[in-house]
Amino acid sequence: MAVEEEAGRPTWSRQIEFTLAGIGCAVGLGNIWRFPYLCYRSGGGAFLLPYLLMLVVLGIPLLHMELTLGQYLRRGPVLALAKACPLFKGVGMATVAISFIMCTYYNIIITWALYYMFSSFRSELLWQNCNNTWNTVNCTDQVTNSSSSSTASQQFFNYKVLERTSGVEETGTLRWELFLLLMLAWILVYLCIFKGVKSTGKVVYFTALFPYVILLVLLINNVQLPGALDGIKFFIIPEWDKLLNVQVWINAAAQIFNSIGIGFGSLMAMASYNNYNNNVLKDTLAIAITNSLTSIFAGFVIFSAFGYMSHLQNVPVSEIAVDGPGLVFVVYPQAFVTMPVAPLWAFLFFFMLLCLGLDSQFAMVEVMVTSLLDSYSKPILKHLKRKEFLVLLVCGAAFLLGIPNVMQVGIYVFQLMDHYTAIVSIMFLAFFEVVGVCWCYGVKRLSSNLVEMTGKRPSIFFRICWWVICPALITVILVFSVIQFKPARYEDYVYPPWAQGVGWLIALASIIWIPLAAVHTLWVLPGSFTEKLKKSITPFSLDDDNDDSPYYQQKGGIMETIPNIAVISSIAPLPDKPPIQTNL
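Sequential numbering from 7 applies to the sequence shown in our numbering.
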């Protein structure tokens, strides 16, 4: 079905395509390794209770807020947040910056997955034994926690895939195999999204749904392995004393936050292509609940494998060493070695990672493309002629910036960027976004937007969460993130001070837009400083008569606005500007 046009903006051909794209954006590699890792580190089942509570009071309300704003304003995060709260318009710019930075290194995980997937086309897996040229004398075929030896799987990842150096000080050479696979990964991304929602909407039918088939097949296989039940018990039976640890609750909130993608701008950008009267709440619940159920489902798959590993190793599940990407590229591949038809399971698993990674990558690239077209569509289309060339330009730039990650020093670059982008920057962005939308734009205005689009007012639960609970929780998370901040490290390697400084520059590359844009807003607004400040927290105060936002529709040569149901009725004369309301 052809994409329909609404006020010159394309919309999803079918609403299910947005729902699937949203699920694909939220459900990613973090569900497969970060959730099980945090759950494992937080005492197994004890993590599930705070996780589900944070889903209800933080994840669902904030996702509902972002989708509502994106769908109503019909713009990506930059212009949407500039209209909602001009003082914090830099938050929208920061979300674009952080999404672009992340997509430069996130594709490296897809690159590694492709490497493992192609390496699985063998009768015997390359990480199955120590009889290879890259293995060292301390390699062992058996699973071990010994610090003096490492498994064949560990050595395959470190010495064959990465060929990693001793530290960030030693750059090494370019890994040509990874370089070509990174290029292939970006070609796949481009081919899937170059037509915008027309192409993405079709691809997500496969990439969003197929991983569930593989997860189910892996779970059926894993639960039949010896020791699997011990791993599942560790996953679902809580250690109640762990609930007294504040860090467990902070981890749960942070996981909900990062997994759904609040503050990244991806879902807001995709929601801007929705039909104006789409049921936002239905999509919110579908995306948030599916995301969390996927994490729990993946937990059963991963922890059943943990139980099997503990059986092979003859140690408790709680003593298996896991760390970050190592869970996916070291621990789990090691489990495949002893499974029947090992290459098949390996191929299916890494193909699943490819699908999960592509979905999230689509969303991050779409943020950049949507925001550029929203702000500079005329000059861009004048020079590039077609949107497809803009997508190619964005993908090409991200590919070039990602090259340091496929050098022998790449894993250290990857870990440094991930630490200072996904952990440090996102908390600041989220705080200012929630303050700008919930307090400056106002819960009352947000509610009236929903009434106008769907005819239904949000429940008292959502209004309380938007006004009190979400801002309070995000503030607590931000404070604890600052208090308990630890410098980046990879396994036992500690980054030198200059590398930590580079990390902070990476973090500032997104955060810096918030104060810069705030100063710019106060500079351009007329009046005294007090008047400037008051206008800067008044929605739409930066709009002008030439604004091409969806509020303004050309009818018979007269600029008219979409009426706001909270202020005027559908039969009242249309005002010259979107009506200004109080903050609440």
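A virtual CB, placed ideally from N, CA and C, is assigned to each residue, including glycine. None of the values given here were measured: they were computed from a predicted structure.
Taking just the CA atoms, how far does residue j sit from residue i?
i: D551; j: L539; result: In this prediction, D551 scores a pLDDT of 39, lower than 50, which makes its location untrustworthy; the coordinate-derived value is nonetheless stated afterwards. Taking the straight line joining both Cα atoms gives about 22 Å.
i: F241; j: A348; result: 25 Å
i: N251; j: V307; result: 26 Å
i: F467; j: V343; result: 49 Å
i: W118; j: L188; result: 9 Å
i: G30; j: L54; result: 22 Å
i: N164; j: S156; result: 10 Å
i: Y426; j: A513; result: 5 Å
i: L387; j: A478; result: 43 Å
i: V530; j: P464; result: 35 Å
i: F162; j: G305; result: 25 Å
i: P83; j: V97; result: 8 Å
i: V441; j: A100; result: 15 Å
i: A52; j: F535; result: 51 Å
i: F24; j: M108; result: 22 Å
i: K248; j: R40; result: 19 Å
i: E325; j: R451; result: 52 Å
i: V457; j: N285; result: 11 Å
i: I262; j: M60; result: 7 Å
i: L131; j: S125; result: 7 Å
i: Q367; j: R81; result: 20 Å
i: S377; j: L85; result: 8 Å
i: L194; j: P232; result: 38 Å
i: G509; j: A428; result: 12 Å
Whose C-beta lies closer than 6 Å to the C-beta of residue i among residues of the same chain, with five residues either side of it excluded?
i: V167; result: Y121
i: Y382; result: none
i: G237; result: F309, S310, F312, G313 and V323
i: L26; result: V210 and A214
i: S516; result: A100, A103, I104 and S431
i: S555; result: No answer about S555 holds up, because its pLDDT of 41 lies below 50 and its placement is not dependable.
i: T296; result: I29
i: N411; result: Y111, I114, V419 and F420
i: N283; result: M459
If you reduce the DSSP assignment to three classes, tell me which class residue i lands in.
i: T591; result: Given a span of 7 to 590 for the chain in the structure shown, any question on residue 591 remains unanswerable.
i: T142; result: coil
i: P16; result: strand
i: S516; result: helix
i: Y165; result: helix
i: M345; result: coil
i: Y501; result: coil
i: Y496; result: strand
i: T544; result: coil
i: S156; result: strand
i: D553; result: Because D553 carries a pLDDT of 44, less than 50, the predicted location of this residue cannot be relied on, and the following value inherits that uncertainty. Coil.
i: P56; result: helix
i: P244; result: strand
i: L132; result: coil
i: L222; result: helix
i: G313; result: helix
i: L531; result: coil
i: G49; result: coil
i: L194; result: helix
i: L215; result: coil
So residue i packs on residue j, CB below 8 Å; how close in whole Å?
i: Y211; j: D424; result: Y211 to D424, Cβ: 30 Å. No contact.
i: N113; j: A191; result: 5 Å
i: M413; j: T179; result: 7 Å
i: A259; j: I104; result: Rounded, the Cβ-Cβ distance is 19 Å, inconsistent with contact.
i: V33; j: L362; result: 7 Å
i: I38; j: L364; result: Rounded, the Cβ-Cβ distance is 14 Å, inconsistent with contact.
i: C401; j: V371; result: 7 Å
i: E245; j: G49; result: 4 Å
i: N227; j: T17; result: 41 Å between Cβ atoms; not a contact.
i: V337; j: M315; result: 7 Å
Going along the chain, which residues of its own chain have a beta-carbon closer than 7 Å to the beta-carbon of residue i, five neighbours each way excluded?
i: L235; result: G313
i: I302; result: none
i: I417; result: L168, R170 and Y496
i: Q421; result: A494 and Y496
i: Y501; result: V174, L422, P493, A494 and R495
i: I268; result: L68, L69, E72 and A436
i: I475; result: V63
Using a Cβ-Cβ cutoff of less than 8 Å, which residues in the same chain neighbour residue i once the five nearest sequence positions on both sides are dropped?
i: Y491; result: The identity of residue 491 in the sequence shown is Phe, whereas the question assumes Tyr. V430, listed in sequence order.
i: T290; result: I66, L69, H70 and L73
i: C145; result: C136, S155, S156, T157, A158 and Q161
**OP:** Indicate whether the contact test is met: 3 or more Cβ pairs, each with one atom in the stretch 542-549 and one in the stretch 86-96, closer than 8 Å.
**Re:** yes
Subject >> At least 3 beta-carbon pairs within less than 8 Å: the stretch 41-54 vs the stretch 443-451 >> reply: no
Subject >> Three-pair Cβ contact test at 8 Å for the stretch 347-365 versus the stretch 267-274 >> reply: Because the criterion of three Cβ pairs below 8 Å is not met, the stretch 347-365 and the stretch 267-274 do not touch.
**OP:** Check whether the stretch 523-540 touches the stretch 69-81, taking contact to mean three or more Cβ pairs, one atom from each stretch, closer than 8 Å.
**Re:** no
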